[in-house]
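Colleague: Supplied in structure tokens, the structure appears directly below.
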């Protein structure tokens, strides 16, 4: 399920995704996400910036979600010039 946080006036949306096959004990995760301004339509070109991690794996949905939030914050800090 998609979850979001707010950072510097933007929204960071993250979705943990299974790395391989159906859920099982020890399942690994990746994440996909995007950042946008409040009220933006993320499906319209130029209104959001997407990011993902498909190389590194995470041991839980929460770990993948937290890594996605960090990646989104870093991306926003770079875009708005704070990083």
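In this note's numbering, the protein residues as written are 22 to 104. Don't be surprised by glycine CBs; every beta carbon is placed ideally from N, CA and C.
(1) In terms of residues, what are the limits of the beta strand (DSSP E) holding residue 54?
(2) Would you call the stretch 40-50 and the stretch 76-93 in contact, with 3 or more CB pairs under 8 Å?
(3) Among the residues of its own chain, which have a CB less than 7 Å from the CB of residue 24, if the five just before and after it don't count?
(4) Count the other CB atoms within 10 Å of the CB of residue 29; is the residue buried (16 or more) or exposed (fewer)?
(5) If you follow the alpha helix (DSSP H) that residue 100 is in, where does it begin and where does it stop?
Modeller: So, from the listed chains and residues:
(1) Position 33 of the chain shown, counting from 1, holds the residue named residue 54. 50-58 is the span of the beta strand (DSSP E), which, as asked, contains residue 54.
(2) Verdict: yes, contact present.
(3) Taking the chain shown and counting its residues from 1, one reaches residue 24 at position 3. These residues qualify, in order along the chain: 35, 86.
(4) Taking the chain shown and counting its residues from 1, the one referred to as residue 29 is at position 8. Result: exposed.
(5) Numbered from its first residue, the chain shown carries residue 100 at position 79. Residue 100: member of the alpha helix (DSSP H) spanning 82-100, first to last residue.
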